[in-house]
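For what it's worth, our numbering labels the leading residue of the sequence shown as 24, then goes sequentially.
No residue lacks a Cβ here, since even glycine has one placed at the ideal position from N, Cα and C.
Shown next, in structure tokens, is the structure this report addresses.
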Amino acid sequence: MSQWLQKLPTLVWAVALLGAFVIQAEPSEAPDIWLWSWMRVTGLVGLCLLISYCAYALRHPRYLNVNNYLTYLLVVSVIALEVIFRVRPDLIPGEELIQHASKSIRKQYAISRGYMTEEVLSVEPANGLIYHFHSNERLAAYPHVEIDVDGYRNPPMVDGQGLICVLLGDSLTLALDARDDVGELLRQRGYPTRNLGMFGYAPQQYRDVYKRFVIDSQVSHRYVLIFLFAGNDAADAQNYEHVRRAGGDFKEYLPQMRSIGKMEDSLPVMVSVARGLPRFLKSRFVTNRERIITLPYRTVQTGELMPPPLVRVGSEEWNTFVAPLADIIAMARAHGAIPIVYLLPSAATVYSPFDASLSHYDRNHAVMVESLRSYLCEAQVAFYDLQERLRTEMSERFIFAREKDYHLNTLGVQQVAYEVIKSLEQGGGM
24 MSQWLQKLPT
34 LVWAVALLGA
44 FVIQAEPSEA
54 PDIWLWSWMR
64 VTGLVGLCLL
74 ISYCAYALRH
84 PRYLNVNNYL
94 TYLLVVSVIA
104 LEVIFRVRPD
114 LIPGEELIQH
124 ASKSIRKQYA
134 ISRGYMTEEV
144 LSVEPANGLI
154 YHFHSNERLA
164 AYPHVEIDVD
174 GYRNPPMVDG
184 QGLICVLLGD
194 SLTLALDARD
204 DVGELLRQRG
214 YPTRNLGMFG
224 YAPQQYRDVY
234 KRFVIDSQVS
244 HRYVLIFLFA
254 GNDAADAQNY
264 EHVRRAGGDF
274 KEYLPQMRSI
284 GKMEDSLPVM
294 VSVARGLPRF
304 LKSRFVTNRE
314 RIITLPYRTV
324 QTGELMPPPL
334 VRVGSEEWNT
344 FVAPLADIIA
354 MARAHGAIPI
364 VYLLPSAATV
374 YSPFDASLSH
384 YDRNHAVMVE
394 SLRSYLCEAQ
404 VAFYDLQERL
414 RTEMSERFIF
424 AREKDYHLNT
434 LGVQQVAYEV
444 IKSLEQGGGM
């Protein structure tokens with residue numbers, strides 16, 4: 024009996040490895056590419072070697088003792104990691120490892136990583152599509168960011184009175200990854216500014232928050248600076264209208280709200296880690312060469328490029344996109360303010376000078392620029408395309424928050440602020 028007990032850990036390992044081999048060897052949904060999956064083939068070879076080792080160890084007691092010690096060490100380590108990860112989910116290195124853990128663990132992880140969850144947002148009672156951070160919120164993942172009483176990125180001393188500039192935009196205007204946002208850089212240059220940018224906002228929400236926090240509150244200001252994002256503002260405008268007509272709120276509007284995994288899952292953390300380990304390793308170590316871009320000073324792997332859509336003037340998509348701009352322009356002028364529009368380029372067109380396969384997106388961007396310029400020229404509104412400025416800077420220094428991201432880092436935000444300040448010094452003229 025004692026001999027079988029000594030062999031038991033190795034037998035358990037052998038059965039588990041054999042089961043993993045069977046699962047790994049199951050036919051792929053795309054059999055034609057099965058043989059090209061070097062990661063799967065490598066895994067099968069590794070499992071074969073481990074199964075062979077277990078079979079060999081069962082016949083040699085010396086190796087059984089080694090296996091037993093390793094098994095005990097593994098069990099103790101797993102228990103210790105389970106306790107540590109339950110107390111500090113932020114130490115888990117990737118969300119692929121936590122997708123099957125309990126909801127409370129996933130929430131803690133998401134908040135610690137700065138993911139925008141329902142728990143960090145407030146919604147305006149009169150308009151369920153106006154959301155923002157809680158009043159005076161402190162974001163654990165972004166300790167450099169100050170949130171004002173209304174839930175936007177501004178220091179406490181900016182109380183909304185006596186402003187020169189109001190900023191409207193989405194996550195690129197919010198700029199959580201940058202040490203200073205455009206609003207702070209403008210304040211440093213003597214332009215009292217309030218930033219009303221928020222992640223996920225569509226042009227309709229630019230209009231809604233401008234009306235709610237500036238016009239209805241009778242806040243005096245000289246300029247309203249509207250930052251459009253070529254990558255998704257047109258699509259977000261369509262999404263906003265769809266949700267509004269259906270009577271939905273921000274929960275329906277933000278399908279990307281991070282809950283990390285399925286709500287019904289509630290596995291121990293280490294079981295979730297084991298299930299997610301293959302995806303985690305693949306995301307970290309398997310490179311998709313189609314997304315490698317060589318810059319003059321480094322090589323980067325890109326992720327979501329947010330390519331600009333082709334939006335035709337006169338189409339329903341175009342009309343939905345520009346209608347809120349017309350409302351903002353009208354409100355600004357009725358209150359003696361000057362509207363100025365800036366177009367932030369997508370990562371696809373910023374990278375295109377360095378990757379010929381992305382050059383076709385330049386046409387979409389050019390169409391959007393000319394369409395907006397014509398529309399805003401007719402409305403006598405100044406318009407600035409920031410693409411060339413950011414492209415030029417990218418040729419010398421990296422301007423995104425990280426690889427596989429399209430948000431700007433501190434350097435990228437500084438380039439935007441430079442162009443904004445230059446336009447203001449010119450009087451905001453066309």
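(1) Nearest to His430 by alpha carbon, out of Thr196, Asp259 and Gly66?
(2) Please classify Asn159: is it buried, with 16 or more other beta-carbons within 10 angstroms of its beta-carbon, or exposed?
(3) Is the CB-CB distance between Leu251 and Tyr175 below 9 angstroms?
(4) For the alpha helix (DSSP H) that contains Asp259, what are its first and last residues?
(5) Express the C-alpha separation of Arg414 and Leu381 in angstroms, rounding to a whole number.
(6) Once DSSP output is grouped into helix, strand and coil, what is the label at Val364?
(7) Report yes if the CB atom of His265 is closer than 9 angstroms to the CB atom of Val189, and no otherwise.
(8) I need the straight-line Cα distance from Thr343 to Leu367, nearest angstrom please.
(9) Less than 9 angstroms between the beta carbons of Val247 and Ile153, yes or no?
(10) Whole angstroms is fine: what's the gap from Trp36's alpha carbon to Gly66's?
(11) Determine whether the beta carbon atoms of Ser295 and Pro331 lie at a separation below 9 angstroms.
(12) Between which two residues does the beta strand (DSSP E) carrying His155 extend?
(13) What first and last residue would you give for the beta strand (DSSP E) that runs through Ser421?
(14) Inspect the beta-carbon positions of Glu426 and Val323 and report whether they are closer than 9 angstroms.
(15) Which residues bound the alpha helix (DSSP H) around Glu340?
(16) Throw me the rounded Cβ distance for the Val292 and Glu118 pair, which I believe falls under 8 angstroms.
(17) Closest to Arg217 by C-alpha separation, out of Tyr224, Gln228, Phe236 and Asp200, would be which residue?
(18) Restricting to Cα atoms, I'd like to know which of His358, Asn387 and Ala360 is closest to Ala371.
(19) So what does DSSP say about Val404, is it helix, strand or coil?
(20) Write down the C-beta distance between Leu209 and Ile444 rounded to the nearest angstrom, noting that I regard them as a contact closer than 8 angstroms.
(21) Using a Cβ-Cβ cut-off of 6 angstroms (strictly less than) and excluding sequence neighbours within five positions of Tyr263, which residues of its own chain qualify?
(22) Should Leu434 and Arg420 be called a contact, given that it needs their Cβ atoms to be closer than 9 angstroms?
(23) Measuring CB to CB, does Asp193 end up less than 9 angstroms from Gly213?
Reading off the structure:
(1) Thr196
(2) exposed
(3) no
(4) Asp256 to Arg268
(5) 14 angstroms
(6) strand
(7) no
(8) 19 angstroms
(9) no
(10) 16 angstroms
(11) no
(12) Asn150 to Phe156
(13) With the sequence shown as reference, residue 421 is identified as Phe, and Ser is not the correct amino acid for it. Neither: Phe421 is in no beta strand (DSSP E) and is coded neither H nor E.
(14) yes
(15) Glu339 to Ala357
(16) About 13 angstroms; that fails the 8 angstroms criterion.
(17) Phe236
(18) Asn387
(19) coil
(20) 7 angstroms
(21) Ala225 and Gln227
(22) yes
(23) no
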